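Asks: Below are the structure tokens for one structure; questions will follow.
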Amino acid sequence: MKIWDRLWHKQDPNEYKIKDNHLVRSLRVRDLLGLGIGMIVSASIFTLPGEVAAMHTGPAVVISFVLAGLAAGLIALIYAEMSSAMPFAGSAYSWTNVLFGEFPGWIVGWALLAEYLMCLAFVSTGLSANLRPLLVRIGIHLPNYLAHPLSMHGLIDIIAVIALVCATILVGNSITSATKVENILVTLKVFAVLLFVVVGATAIHKSRFIPFIPHYRLTNNGAFGGWQGIYAGISMIFVSYVGFDVITANAAEVKKPQRSLPLGILGSLGIATIFFVLVSLVLIGDLPYQKYLSSAEPIGLALRAVHHSNVAFIVQLIAVFGMFTALIGLTMAGSRLLYSFGRDGMLPKWLGKLDHKKRPNNALITIILVAIVCSIVFPFALLSQLISAGTLITFMFVSVGMLQLRKRENKDLPDDGFKVPLFPILPILGFIVSAIIFGGLSNYAKLCTIIWFIFGLAIYFIYGIWHTNK
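The sequence shown begins at 6 in the numbering used here and counts up by one.
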């Protein structure tokens, strides 16, 4: 096969059905809701609202969350139809392989890999930041070289590493056990969020919402205030909504995917958006937003400031365990993506091998080891933008892919699943909105994204193109 033909060779969807048939379909709607809510209502809800308010938006962080949620909703509709028509492991990577060909599929898969790796590092670092103050309260003080990564003048964040290893052991042992633990912890996490909202609402000062949209000015962190600040806030917090796409990475293990996947995707996104708005309102009302700058635990900071230190301890303790739910979902999604790379020969085939219990644990161990390195190297604030970059590039491809999907439904792809309304208007809007949000990322994040893709292209042309399964 000529090189040009290899680049645009489209995968037969029936091949993916056969390849993924050995994965056990055990996930139900409630498991998908648990995965989605566990991912979205994760480290982001306990960390980003305060940081974004201090850096870019002021009280208007609420507007940024609502607009980012609406943008994510456009993409979620597309993901719902894509996943119901093509319930394959690897989600957008596999879909793009089927709809456009091998090379576009690799680009999307490489973007997804950045998302999952950076998100694993981001969540584990956020978990550590919330756990360390609790350890101090019981007399445990970690030395700086064990409490912070290299990017923060330490050596290694040992708590983040332990959390990643624990998630790996749990997911590697049994996906059924992992989802049971996930559902229990998600319930506790929802309780923690509601407890913060109820208690924090008693100390809200209306004056802290004035002006709701501060005047625009340029700071060391970029745009602050005005619609420019809101736009910068949207780009930074878009990472908060990546959870629904993690659901689709496990599509090959879902019971009744045509029904379960759309319900899991749209349901988890809607619930999470409500929680983000409530938490943002209480945070701003309890404490001047400037106080949250460089704080990775704004919820604890706010509750202690309004003299609810005991409630802060309870909420943060539950939040730490709740953040672990995102690590479970990400290790599942990331390992399934790497498994898909190995399955297709894009990366060494041992990544696509299953153990005697039909688990892709080679891929699982690999992605966690790389995530540990990322948690050591990259600073917390940059991680969120790198996640957003990978996610937004994937969203743009998937939005365009909807136009191709409709041409093939009822031919070689099924036509009995969820349907995006107002086609083709919404997919086109999804692409435009994703591109606009990508434009709001920092120049540093864009540069790191370019470097990441240059590295990915080198791997593809040196290895992947010569080893893929044709």
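Glycine included, every Cβ here is placed at the ideal spot set by N, Cα and C.
These numbers come from a predicted model, not from an experiment.
Counting Cβ pairs closer than 8 Å, one from the stretch 258-268 and one from the stretch 15-34, do we hit at least three?
Replies: Yes, the stretch 258-268 touches the stretch 15-34.
Asks: Going by beta carbon distance, what residues of the same chain come within less than 8 Å of Ile-392, once the five residues before and after it are set aside?
Replies: Same-chain partners within the cutoff: Ala-119, Glu-120, Met-123, Cys-124, Phe-127, Val-244, Val-247.
Asks: Taking Cβ to Cβ, would you say Ile-442 is nearer than 9 Å to Ser-240?
Replies: Cβ distance < 9 Å, so Ile-442 and Ser-240 count as in contact.
Asks: Does Asp-25 pass the burial test, meaning 16 or more other C-beta atoms within 10 Å, or should it be called exposed?
Replies: Buried, by the Cβ-count rule.
Asks: Which same chain residues, not among the five before or five after Phe-93, have their C-beta less than 7 Å away from its C-beta?
Replies: Correct list, in chain order: Tyr-21, Asp-25, Ser-99, Ala-256, Ala-257.
Asks: In terms of residues, what are the limits of the alpha helix (DSSP H) holding Ala-1?
Replies: Any question about residue 1 goes unanswered here, given that the chain covers just 6 to 475.
Asks: Per the DSSP calculation, Phe-229 is bridged to which residue(s)?
Replies: Answer is Arg-222, bridged to Phe-229.
Asks: Whole-angstrom Cβ separation of Leu-5 and Ser-129, contact assumed at under 8 Å?
Replies: Only positions 6 to 475 of the chain appear in this structure, which leaves residue 5 out of reach.
Asks: Using a Cβ distance threshold of 8 Å, determine whether the stretch 292-309 contacts the stretch 205-220, with at least three qualifying pairs required.
Replies: The stretch 292-309 is in contact with the stretch 205-220.
Asks: Would the beta-carbon of Trp-115 fall within 9 Å of that of Gly-357?
Replies: Their beta carbons are not under 9 Å apart, which means Trp-115 does not touch Gly-357 by this criterion.
Asks: So, helix, strand or coil for Glu-302, using DSSP?
Replies: In this structure, Glu-302 counts as coil in the three-state DSSP scheme.
Asks: In whole angstroms, give me the CA-to-CA distance for Arg-309 and Ala-317.
Replies: Their backbone Cα atoms lie some 6 Å apart in a straight line.
Asks: How many angstroms separate the CA atom of Glu-187 from the CA atom of Leu-40?
Replies: Cα-Cα distance, rounded: 7 Å.
Asks: Report the partner residues of Leu-418 according to the DSSP bridge assignment.
Replies: The partner list for Leu-418 (beta bridge, DSSP) reads Glu-414.
Asks: Short of 7 Å in beta carbon distance, which residues of its chain neighbour His-313, apart from the five on each side in sequence? Order them along the chain.
Replies: Closer than 7 Å at the Cβ level, and outside the excluded window around His-313, lie Val-204.
Asks: Rounded to the nearest angstrom, how far is the Cβ of Met-91 from that of Pro-18, given a contact under 8 Å?
Replies: Right, their Cβ atoms sit about 6 Å apart.
Asks: Is Ser-182 close to the ligand GDP? I mean its beta-carbon at under 8 Å from any heavy atom of the ligand.
Replies: In the structure shown, the ligand GDP is absent, as is every other ligand, since no ligand is present at all.
Asks: I'd like to know if the stretch 106-114 and the stretch 395-402 are in contact, where contact means that at least 3 CB-CB pairs between them fall below 8 Å.
Replies: Short answer: they touch.
Asks: Out of Leu-223, Ile-163, Ala-450, which has the shortest C-alpha to C-alpha gap to Pro-484?
Replies: In this structure the chain extends from 6 to 475, so residue 484 is not present and cannot be described.
Asks: What separation, rounded to the nearest whole angstrom, lies between the Cα atoms of Trp-13 and Leu-286?
Replies: Each residue's alpha carbon lies about 48 Å from the other.
Asks: Beta carbon of Gly-106, beta carbon of Lys-15: below 9 Å?
Replies: It is a contact, given that the beta carbons lie within the stated cut-off.
Asks: Return the chain-ordered list of same chain residues with a C-beta closer than 8 Å to the C-beta of Asn-226, the five sequence neighbours on each side being excluded.
Replies: So the qualifying residues of the chain are Met-60, His-61.
Asks: What three-state label does DSSP hand Pro-154 in the structure shown?
Replies: Of the three classes helix, strand and coil, the one that applies to Pro-154 here is strand, per DSSP.
Asks: Could you give the DSSP three-state label for Val-311: helix, strand or coil?
Replies: Coil, per DSSP.
Asks: Could you please give the first and the last residue of the uninterrupted alpha helix (DSSP H) stretch that includes Gln-263?
Replies: Taken as a continuous stretch (DSSP letters only), the alpha helix (DSSP H) holding Gln-263 covers 262-291.
Asks: Please list, in chain order, all residues of the same chain as Leu-139 whose beta carbon is under 8 Å from its beta carbon, the five residues on each side excluded.
Replies: Counting only Cβ-Cβ distances below 8 Å, and skipping sequence neighbours, we find Phe-318, Gln-321, Leu-322, Val-325.
Asks: When the Cα atoms are used, what is the spatial distance from Thr-192 to Ile-42?
Replies: Approximately 10 Å between the Cα atoms of the pair.
Asks: Could you check whether Pro-426 and Pro-54 sit closer than 9 Å to each other, using their CB atoms as the reference points?
Replies: No, these two residues do not count as a Cβ contact at 9 Å.
Asks: Going by CA-CA distance only, name the one from Ser-47, Ser-340, Ile-470 that's closest to Leu-132.
Replies: Measuring from the Cα of Leu-132, the nearest candidate turns out to be Ser-47.
Asks: DSSP beta-bridge partners for Val-259?
Replies: In DSSP, Val-259 forms a bridge with Leu-32.
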